[in-house]
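> Numbering of the sequence shown is given in the numbering used here, commencing with residue -12 and proceeding in unit increments.
One structure follows; several queries about it will come next.
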Amino acid sequence: MNGTARIRHSLFGWAQQVLFPPVCLGCSNLVAEPGTLCATCWPRLRFLEKPWCAVMGTPFSVDLGDEILSAEAIANPPPFARARSAVIYENVARQMVQSLKFRDRTDLAPWMARWMLRAGAELVRDNPAVVPVPLHRRRLLARRFNQSAELARALSRLAALDYEPETLVRVRKTRQQVGLKASEREANVRGAFHVPPERSVTIAGRRVLLIDDVYTTGATVSAASRALRRAGATGVDVLTFARVLPGDFRPDEGNPI
-12 MNGTARIRHS LFGWAQQVLF PPVCLGCSNL VAEPGTLCAT CWPRLRFLEK PWCAVMGTPF
48 SVDLGDEILS AEAIANPPPF ARARSAVIYE NVARQMVQSL KFRDRTDLAP WMARWMLRAG
108 AELVRDNPAV VPVPLHRRRL LARRFNQSAE LARALSRLAA LDYEPETLVR VRKTRQQVGL
168 KASEREANVR GAFHVPPERS VTIAGRRVLL IDDVYTTGAT VSAASRALRR AGATGVDVLT
228 FARVLPGDFR PDEGNPI
């Protein structure tokens, strides 16, 4: 870059800072750097850290070893191999998810994906195909974008993984999961997902990294995982931005999918 180009680049960067100053990912107050949280929001974000269940990714209060399973994983083994989430679904994390999903804040997706990649580092080592949980076409037309696809696209770029957004389709328009009990959620999404025969080649004999915004009861990602495995995936891992911890699930409090 020559001297003139450097000056133009610096002026462009200065103009961007003046016209579009960086704001907090949580509350939109001004911050020093893009992709950060302000001093008020940062302490209200709870990252999920080890020790956790080797399968479900739910945290333990004490470290019992890397391969210890939770009671949930033992009593009801999921159809996926591992699930990981970046943060607990509360406070600022809830605001970010709802801003992405309902307020068209797709600019949040790349920053959320960075935290997801940190939480799911072990899931990307096998070079999986990245597949988002799909919306039904009618809901996609109404919303104009799929928040899970935005996260999956950003994460696949960061990790240099194959992004396969058309592999999994939602063939049945389901009710919104909000307000449904755990058993009702499972029934609601049973048989809702399908891999078209012409798309099965993208995952046959490969591991799949299934991406969603929030893990609540696991009904949606379980139904999607079964469809992917039927289509020939050797295994499915699940990675979400946020996680509703098992004891925190309340159907009447607007828990998401």
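In this text, a Cβ means the ideal position worked out from N, Cα and C, and glycines have one as well.
Here the structure is a predicted model, which is why all the values come from computation and not from measurement.
Between which two residues does the beta strand (DSSP E) holding phenylalanine 89 run?
Counting along the chain, phenylalanine 89 falls outside any beta strand (DSSP E), though it belongs to the alpha helix (DSSP H) covering 78 to 89.
> Touch check for the segment 139 to 148 and the segment 107 to 125: three-plus C-beta pairs under 8 angstroms?
With contact defined as three or more Cβ pairs closer than 8 angstroms, the segment 139 to 148 and the segment 107 to 125 are in contact.
> Which class does aspartate 224 belong to by DSSP, given the choice of helix, strand or coil?
strand
> Using only the alpha-carbon positions, how far apart do alanine 169 and arginine 193 sit?
Using only the alpha carbons, I get a separation of about 30 angstroms.
> Quick one, are the C-beta atoms of valine 245 and glycine 222 less than 9 angstroms apart?
One cannot answer for residue 245 here, as it falls past the ends of the chain, which runs -12 to 244.
> What does DSSP give as the partner residue(s) for valine 120 in the beta ladder?
Valine 120 pairs with nothing; no bridge assigned.
> Can you tell which of Gly107, Pro9 and Leu197 has its C-alpha closest to the C-alpha of tryptophan 39?
Gly107
> Based on Cα-Cα distance, which residue from Ile55, Glu137 and Ala229 lies nearest to tyrosine 265?
Nothing in the structure corresponds to residue 265, since the chain is present only between -12 and 244.
> Can you name, in chain order, every residue of its own chain whose Cβ lies under 8 angstroms from the Cβ of proline 85, other than the five neighbours on each side?
Per the sequence presented here, residue 85 reads as glutamine, with proline not at that position. Excluding positions up to five away in sequence, the list is empty.
> How should glycine 44 be labelled, buried or exposed, when 16 other C-beta atoms within 10 angstroms of its C-beta is the threshold for buried?
Per the 10 Å Cβ criterion, buried.
> Excluding five sequence neighbours on each side, which residues of the same chain lie with their C-beta closer than 6 angstroms to the C-beta of leucine 232?
none
> State the Cα-Cα distance for the pair proline 246 and alanine 229, rounded to the nearest angstrom.
Nothing about residue 246 can be read from this structure; the chain reaches only from -12 to 244.
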